[in-house]
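Peer 1: I am attaching a structure below and will ask some questions about it afterwards.
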Amino acid sequence: MEIQNYRTFDKVTNEAVHQFPSNLPLRPGFNTVGKAIAIRVNQYKLTNFPDNDIYQYDINIGNGAEKAGKIMAVWKSKTLQDAIKKASGGAPVLWDGNKLAWRVTFPEIIQYPPTNNL
Numbered sequence: 004m005e006i007q008n009y010r011t012f013d014k015v016t017n018e019a020v021h022q023f024p025s026n027l028p029l030r031p032g033f034n035t036v037g038k039a040i041a042i043r044v045n046q047y048k049l050t051n052f053p054d055n056d057i058y059q060y061d062i063n064i065g066n067g068a069e070k071a072g073k074i075m076a077v078w079k080s081k082t083l084q085d086a087i088k089k090a091s092g093g094a095p096v097l098w099d100g101n102k103l104a105w106r107v108t109f110p111e112i113i114q115y116p117p118t119n120n121l
């Protein structure tokens, strides 16, 4: 199907308007019923744009077969949080609750419990 075959031009703006044929019937009363509602959005206004890098890290807790509750318990444990604070200089780390974490600076690997076979 050549797009030019279905092109017409708007008489007021002279912009191309494409009308493609369809075997489907038009939806009756499309957008004629309903009501406007107010919604709340979880967002924050940016006051300035930071110019530093943000690093994303892949977090592996266990061998991958652990349930979400166990992973969350390990992440929230004081021992692991202390190790992360020590490695990141005490700055906070943002974690998605699954596999990703973000930080302005972060070491390459935090192995906990520590091992010598990295």
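In case it helps, the numbering used here puts the sequence shown at residues 4 to 121.
All C-beta atoms in this analysis are idealised placements derived from N, C-alpha and C, irrespective of residue type, glycine included.
1. For D85, report the span of its alpha helix (DSSP H) as first-last.
2. Please report how far the alpha carbon of V20 lies from the alpha carbon of K38, in whole angstroms.
3. Counting only the same chain and skipping the five closest in sequence on each side, list residues whose C-beta sits under 8 Å from that of F12.
4. At the level of alpha carbons, what is the spacing between P28 and N34?
5. So, at 8 Å on beta carbons, what are the nonlocal neighbours of K81 in its own chain, with the 5 sequence-adjacent residues on each side left out?
6. Kindly list the residues whose CB is nearer than 6 Å to the CB of I74, restricted to its own chain and excluding five residues on each side of it in sequence; keep chain order.
7. So what does DSSP say about A71, is it helix, strand or coil?
8. What's the call for A104, buried or exposed, on a 16-neighbour Cβ count within 10 Å?
9. Can you name, in chain order, every residue of its own chain whose Cβ lies under 6 Å from the Cβ of L97, other than the five neighbours on each side?
10. Per DSSP, what are the beta-bridge partners of Y60 in this structure?
11. Using a beta-carbon distance below 9 Å, is G92 in contact with chain B?
12. Have a look at the DSSP bridge pairing and note the partners of V77.
Peer 2: Considering the structure as presented:
1. One-based indexing of the sequence shown puts residue 85 at position 82. Where D85 is concerned, the enclosing alpha helix (DSSP H) stretches over 81-90.
2. Position 17 of the sequence shown, counted from the start, is the residue given in the question as residue 20. Position 35 of the sequence shown, counted from the start, is the residue given in the question as residue 38. Answer to the nearest angstrom: the Cα atoms are 30 Å apart.
3. Reading the sequence shown from its first residue, position 9 is the one you call residue 12. E18, A19, V20.
4. To locate residue 28, count along the sequence shown from 1; it is residue 25. To locate residue 34, count along the sequence shown from 1; it is residue 31. Whole-angstrom Cα-Cα distance: 16 Å.
5. Indexing the sequence shown from 1 puts residue 81 at position 78. Around K81: no qualifying Cβ.
6. Locating residue 74 in the sequence shown gives position 71, where the first residue counts as 1. Cβ within range, chain order: I64.
7. To locate residue 71, count along the sequence shown from 1; it is residue 68. A71: helix per DSSP, three-state reduction.
8. To locate residue 104, count along the sequence shown from 1; it is residue 101. Buried, by the Cβ-count rule.
9. Stepping through the sequence shown from its first residue, residue 97 is reached at position 94. Excluding residues within five positions, the ones whose Cβ falls inside 6 Å are W105.
10. Position 57 of the sequence shown holds residue 60. Its beta-bridge partners are A104.
11. The chain inventory of the structure shown lacks chain B, comprising one protein chain alone.
12. Along the sequence shown, read from residue 1 onward, the residue named residue 77 stands at position 74. V77 is not bridged to any residue.
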